[in-house]
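In order, the protein sequences belong to chains A, B, C and D. For the first sequence, my numbering gives the first residue as 1, with consecutive numbering after it. For the second sequence, my numbering gives the first residue as 1, with consecutive numbering after it. For the third sequence, my numbering gives the first residue as 1, with consecutive numbering after it. For the fourth sequence, my numbering gives the first residue as 1, with consecutive numbering after it. Okay, structure first, notes after.
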Amino acid sequence: GRERLLTAFEQVNTSFAMLFKHLFGGGEANLVMVESDDPLDAGLEIMCQPPGKKLSTLSLLSGGEQTLTAMALIFAVFLSNPAPICVLDEVDAPLDDANVTRFCDLLDEMCRQTDTRFLIITHHAVTMARMDRLFGVTMQEQGVSQLVSVDLKKAEALVA
Amino acid sequence: GRERLLTAFEQVNTSFAMLFKHLFGGGEANLVMVESDDPLDAGLEIMCQPPGKKLSTLSLLSGGEQTLTAMALIFAVFLSNPAPICVLDEVDAPLDDANVTRFCDLLDEMCRQTDTRFLIITHHAVTMARMDRLFGVTMQEQGVSQLVSVDLKKAEALVA
Amino acid sequence: MRFSKLRLTGFKSFVDPTDLIIADGLTGVVGPNGCGKSNLLEALRWVMGENRPKAMRGGGMEDVIFAGAASRPARNFAEVSLHLDNTDRLAPSGFNEADNIDIIRRITRDVGSAYKANGKDVRARDVQMLFADASTGAHSPALVRQGQIAELINAKPKARRRILEEAA
Amino acid sequence: MRFSKLRLTGFKSFVDPTDLIIADGLTGVVGPNGCGKSNLLEALRWVMGENRPKAMRGGGMEDVIFAGAASRPARNFAEVSLHLDNTDRLAPSGFNEADNIDIIRRITRDVGSAYKANGKDVRARDVQMLFADASTGAHSPALVRQGQIAELINAKPKARRRILEEAA
Ligand SMILES: Nc1ncnc2c1ncn2[C@@H]1O[C@H](COP(=O)(O)OP(=O)(O)OP(=O)(O)O)[C@@H](O)[C@H]1O
Ligand SMILES: Nc1ncnc2c1ncn2[C@@H]1O[C@H](COP(=O)(O)OP(=O)(O)OP(=O)(O)O)[C@@H](O)[C@H]1O
Ligand SMILES: [Mg+2]
Ligand SMILES: [Mg+2]
């Protein structure tokens with residue numbers, strides 16, 4: 001019970017700190033147990049310091065910075081026990097182009113480290129360009145969805 | 001008390017229904033008071049039917065459709081008592097290019113109907129192109145923000 | 001055990017039988033707002049045994065059945081099948097005998113859900129256990145819904161801790 | 001009464017005095033993640049009398065003071081001034097005598113906030129009332145924070161009703 005949670009915490013914390021540095025190109029981050037000495041009852045606070053900025057809780061960061069930090073946590077949990085399938089639904093929405101590129105670099109890295117198959121739902125042109133293949137969902141007939149295979153040029157027209 | 005809330009409800013509901021149709025190019029939407037007969041204690045449910053789809057609560061719509069519907073509500077409230085200043089922080093993030101264009105058309109319409117000054121924070125290239133002027137925020141020095149005036153070409157480099 | 005195909009029939013906006021082929025690496029899914037992308041993820045979680053309507057954005061489990069469109073009547077059942085390639089024989093025991101594992105879930109109006117694994121009737125629990133043993137399932141932290149990252153960011157510290165419990 | 005300029009000094013990441021000119025129509029604000037765009041909106045709400053730290057993403061009111069950066073020490077005060085053009089004399093009474101209205105708020109570490117209107121000391125309440133009478137203010141529904149639309153969508157019906165109360 002407690003032992004397993006503490007072990008998981010240590011493992012995830014280490015991965016999280018490393019993934020954060022990787023995604024931000026520097027800086028520091030850590031998970032902290034708060035509000036209780038009992039790990040089964042404690043809360044999870046996230047302390048982070050993007051490069052060149054002051055250490056603060058997650059809440060003081062910008063929208064895009066919070067998203068990148070949360071991604072580092074989600075992937076840290078993922079790496080501790082990789083699932084055979086991973087689906088990410090528009091997680092890149094708050095990111096600027098530079099950070100979307102880092103997100104895609106991270107996905108490539110996950111593909112190298114695991115056998116996981118990824119489904120990435122996105123509106124971002126940069127993300128689309130980094131995929132191995134693309135499927136387009138259309139509603140030619142109102143209210144009725146259809147799936148089509150698309151090449152990158154067609155996808156940009158689909159999303160526009 | 002109750003009278004004023006009911007009057008506001010009617011006025012906002014009418015604007016909301018019209019703005020929804022405008023943003024979706026059709027369909028129907030309505031606000032409904034729920035969970036109590038007392039308007040001071042009731043909740044606000046949002047029933048919507050995008051063109052060609054079935055009537056449902058807001059929760060069954062897609063992310064982008066929910067955003068567009070919420071925008072219709074926010075602007076309906078706004079029109080009932082226009083503020084001298086309106087700031088929208090990345091409200092267009094979940095929208096595809098077609099819907100971002102409709103959002104910008106709505107902003108133009110608001111400019112025609114009111115004297116309100118608008119500040120629109122965005123990562124979307126389509127939105128940037130529709131602004132009357134652009135300011136860029138940069139952090140040349142880590143952790144220190146600066147404001148610069150930009151023309152559209154420079155902005156696209158800034159955001160990328 | 002690899003996820004290789006998802007087939008939807010009458011599930012939300014996918015009224016006609018639709019196959020999503022899941023290959024190695026990164027597969028992108030794109031399209032305009034409201035066209036059905038998130039419905040695909042919900043179909044995957046649903047066939048793996050999702051039993052909370054709220055997690056499917058609905059009020060009740062039957063909300064996943066195609067409700068009709070401008071030119072189509074409502075359906076009275078929805079079905080999703082998931083095809084798993086098990087040639088590596090890494091599937092949890094009880095399901096590890098075959099090269100392929102086909103999980104099918106069907107919900108019929110006023111009747112409820114029924115599950116099959118390789119043609120044999122099974123309970124929701126068996127399906128949930130299969131995927132849990134394979135480090136996945138409807139509540140896998142690797143299945144990130146639209147807006148879920150924002151929820152994680154805004155969650156109180158105690159609610160956030162639950163993501164760790166998935167890892168433990 | 002028109003909003004014409006916002007000046008920030010030592011407010012969050014805007015350590016150096018920075019002027020945001022607010023003109024007619026649509027003004028876009030762009031830049032990479034974390035560069036300070038949302039801080040501008042918070043400065044506007046703060047000078048209009050925002051008194052809840054959570055609404056400024058902070059734990060306490062002093063969290064808006066520039067906390068330092070790689071090559072800069074922390075400051076011990078933050079100041080934001082809002083310049084209003086009142087040539088149309090449509091400002092609420094008590095503030096309607098002048099062509100211009102300058103509202104300044106300063107917070108000093110361990111001391112607290114102080115407000116001035118056209119050079120004269122005023123209370124937070126006076127500033128809040130001025131903007132409320134002008135159909136705006138820190139809690140105006142026309143000031144939409146990042147993520148606030150998602151909150152509205154996910155809010156329980158009773159919480160959503162409050163947006164209507166702003167209109168009534
Ligand atoms: N039971 C149902 N029957 C028919 N249509 C449905 C049903 N449930 C949901 N829908 C429709 O599916 C659409 C939502 O699809 P989905 O959420 O997958 O869109 P999306 O592609 O993810 O869009 P976005 O980019 O905005 O997130 C809605 O328009 C809704 O009307
Ligand atoms: N008191 C403070 N002193 C110095 N820097 C601060 C202070 N408070 C916040 N910041 C910094 O301001 C930055 C946040 O800026 P802001 O939220 O305005 O970004 P943004 O441009 O809106 O980004 P995004 O596009 O990701 O939403 C954070 O990186 C944070 O470190
Ligand atoms: Mg979606
Ligand atoms: Mg922001």
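Yeah, the Cβ is synthetic: ideal placement off N, Cα and C, and Gly gets one too. Since we're looking at a predicted model, the values are computed, not measured.
Closer than 9 Å, Cβ to Cβ, to anything on chain A: give me those residues from the region 130-156 of chain D, in chain order. Q146, G147
Any chance the CB of E97/C is under 7 Å from a heavy atom of ligand 4? Within the third sequence, the letter at position 97 stands for residue 97/C. No, Cβ of E97/C sits at least 7 Å from all heavy atoms of ligand 4.
Taking DSSP as the reference, what is the three-state secondary structure of A69/D? Position 69 of the fourth sequence holds residue 69/D. Here A69/D sits in strand by DSSP.
Proximity winner among I101/D, C35/D, I21/D, relative to R89/D (alpha-carbon distances): Residue mapping note: residue 89/D aligns to position 89 of the fourth sequence, counting from 1. Comparing Cα positions, the closest option is I101/D.
Counting Cβ pairs, one atom from each stretch, are 3 or more of them under 8 Å apart for the region 116-124 of chain B and the region 80-87 of chain B? yes
Below 8 Å CB to CB, which residues in the same chain sit around G25/D once its five sequence neighbours on both sides are set aside? Translated into the one-based positions of the fourth sequence, residue 25/D becomes position 25. Contacts found: none.
State the Cα-Cα distance for the pair L20/C and V137/A, rounded to the nearest angstrom. Here the question's residue 20/C lines up with position 20 in the third sequence. Here the question's residue 137/A lines up with position 137 in the first sequence. Computed Cα separation, rounded: 11 Å.
Going by alpha carbons, who is nearest to A138/C out of R2/C, S13/C, L44/C? Within the third sequence, numbered from 1, the residue matching residue 138/C stands at position 138. Taking only the C-alpha atoms, the option nearest A138/C is L44/C.
Hey, could you find the ends of the alpha helix (DSSP H) A117/C is sitting in? The count along the third sequence starts at 1 and reaches residue 117/C at position 117. Element bounds for A117/C: not the alpha helix (DSSP H) but the beta strand (DSSP E), 112-117.
Under 7 Å by beta carbon: chain A residues contacting D174/C: Residue 174/C is absent from the structure shown; chain C starts at 1 and stops at 168.
Could you pull out every residue in the same chain whose Cβ sits closer than 6 Å to the Cβ of L131/C, ignoring the five residues on either side in sequence? Counting from one through the third sequence, the residue named residue 131/C turns up at place 131. Note that residue 131/C is Phe in the sequence shown, not Leu. Taken in chain order, the residues that qualify are M48, G137.
Does the Cβ of Q146/C lie closer than 7 Å to at least one heavy atom of ligand 3? In the third sequence, residue 146/C corresponds to position 146, counting from 1. Inclusion of Q146/C in the 7 Å shell around ligand 3 follows from its C-beta lying nearer than that to a non-hydrogen atom of the ligand.
Applying the 10 Å Cβ sphere with the 16-neighbour rule, what's the burial state of T7/A? Numbered from its first residue, the first sequence carries residue 7/A at position 7. With a 10 Å radius around the Cβ and a threshold of 16 neighbouring Cβ atoms, T7/A comes out exposed.
Look up S13/D in the DSSP assignment and say whether it is helix, strand or coil. Here residue 13/D is taken as the residue at index 13 of the fourth sequence, counted from 1. It is coil, neither helix nor strand.
Return yes when the C-beta of K54/C is under 7 Å from any heavy atom of ligand 3, and no when it is not. As a working mapping, residue 54/C is identified with position 54 in the third sequence. No, Cβ of K54/C sits at least 7 Å from all heavy atoms of ligand 3.
Alpha helix (DSSP H) segment containing S38/C, residue limits: By one-based count along the third sequence, residue 38/C stands at place 38. Taken as a continuous stretch (DSSP letters only), the alpha helix (DSSP H) holding S38/C covers 37-47.
Can you tell me whether DSSP reads F95/C as helix, strand or coil? Residue mapping note: residue 95/C aligns to position 95 of the third sequence, counting from 1. Three-state result, F95/C: coil.
Give the C-beta separation of K53/A and A69/D to the nearest angstrom, bearing in mind that I take them to be a contact with Cβ-Cβ under 8 Å. The count along the first sequence starts at 1 and reaches residue 53/A at position 53. The count along the fourth sequence starts at 1 and reaches residue 69/D at position 69. A69/D and K53/A do touch by the CB rule: their CB atoms are close to 7 Å apart, below 8 Å.
Taking a Cβ distance cut-off of 9 Å, strictly less, list which residues of the region 27-44 of chain C are near chain B, in chain order. So the list reads G31, P32, N33, G34, C35, G36, K37, S38, N39, given in the order they occur along the chain.
Determine the DSSP secondary structure at K5/C, reduced to helix, strand or coil. Residue 5/C sits at position 5 when you count from the first residue of the third sequence. In the three-state reduction of the DSSP assignment, K5/C falls in the strand class, which pools E and B.
Could you pull the start and end residues of the beta strand (DSSP E) that I149/C belongs to? Numbered from 1 along the third sequence, position 149 holds the residue referred to as residue 149/C. Looking at the DSSP string, I149/C is not in any beta strand (DSSP E); the run it does join, the alpha helix (DSSP H), is 148-154.
I'd like to confirm something about D89/B: is its beta-carbon nearer than 7 Å to some heavy atom of ligand 5, or not? What this structure holds is ligand 1, ligand 2, ligand 3 and ligand 4, not ligand 5.
Supposed close pair V100/A, H124/A - CB separation, criterion 8 Å: To locate residue 100/A, count along the first sequence from 1; it is residue 100. To locate residue 124/A, count along the first sequence from 1; it is residue 124. Between H124/A and V100/A the Cβ distance is about 5 Å, and since that is below 8 Å, they are a contact.
Check whether chain A comes within 8 Å of A93/B, counting only Cβ atoms and requiring the distance to be less than that. As a working note, residue 93/B is residue 93 in the second sequence. Yes, A93/B counts as interfacial toward chain A.
Using 8 Å for Cβ pairs, my map puts G10/D next to E79/D. What's the rounded Cβ distance? If you number the fourth sequence from 1, residue 10/D lands on position 10. If you number the fourth sequence from 1, residue 79/D lands on position 79. Correct: roughly 6 Å between the Cβ atoms.
Any heavy atom of ligand 3 closer than 7 Å to the CB of G25/B? Counting from one through the second sequence, the residue named residue 25/B turns up at place 25. Checking the Cβ of G25/B against ligand 3 gives no.
Roughly how many angstroms lie between the CA atoms of F24/B and E3/B, to the nearest whole one? Reading the second sequence from its first residue, position 24 is the one you call residue 24/B. Reading the second sequence from its first residue, position 3 is the one you call residue 3/B. Rounded to the nearest angstrom, the two C-alpha atoms are 31 Å apart.
Counting contacts by CB-CB distance shorter than 8 Å, is N81/A in contact with chain C? Walking along the first sequence from the start, residue 81/A turns up at place 81. Yes, contact with chain C.
Counting only Cβ pairs nearer than 8 Å, list the residues of chain B close to A69/D. Translated into the one-based positions of the fourth sequence, residue 69/D becomes position 69. Ordered by position in chain B, the residues that pass the 8 Å Cβ test against A69/D are E141, Q142, G143, V144.
On the CB-based measure, 16 or more other CB atoms within 10 Å of its CB, does L40/A come out buried or exposed? Taking the first residue of the first sequence as 1, we reach residue 40/A at position 40. So L40/A counts as exposed.
Which partner residues of A78/D appear in the DSSP bridge assignment? As a working note, residue 78/D is residue 78 in the fourth sequence. Residue pairing of A78/D in beta bridges, as defined by DSSP: I107/D.
Near-chain A residues of the region 42-75 of chain B - C-beta to any C-beta below 8 Å: P51, G52, K53, K54, G63
What are the boundary residues of the beta strand (DSSP E) that includes E28/A? Your numbering for residue 28/A matches position 28 in the first sequence. Boundaries of the beta strand (DSSP E) around E28/A: 28-34.
Where do the ends of the alpha helix (DSSP H) carrying D133/D lie? Taking the fourth sequence and counting its residues from 1, one reaches residue 133/D at position 133. D133/D -> alpha helix (DSSP H) spans 124-133.
Closer than 8 Å, CB to CB, is E3/B near chain A or not? Position 3 of the second sequence, counted from the start, is the residue given in the question as residue 3/B. Not one chain A Cβ lies under 8 Å of E3/B.
Check this for me: beta carbons of E50/D and K12/D, under 8 Å apart or not? For this step, residue 50/D is matched to residue 50 along the fourth sequence. For this step, residue 12/D is matched to residue 12 along the fourth sequence. Their beta carbons are not under 8 Å apart, which means E50/D does not touch K12/D by this criterion.
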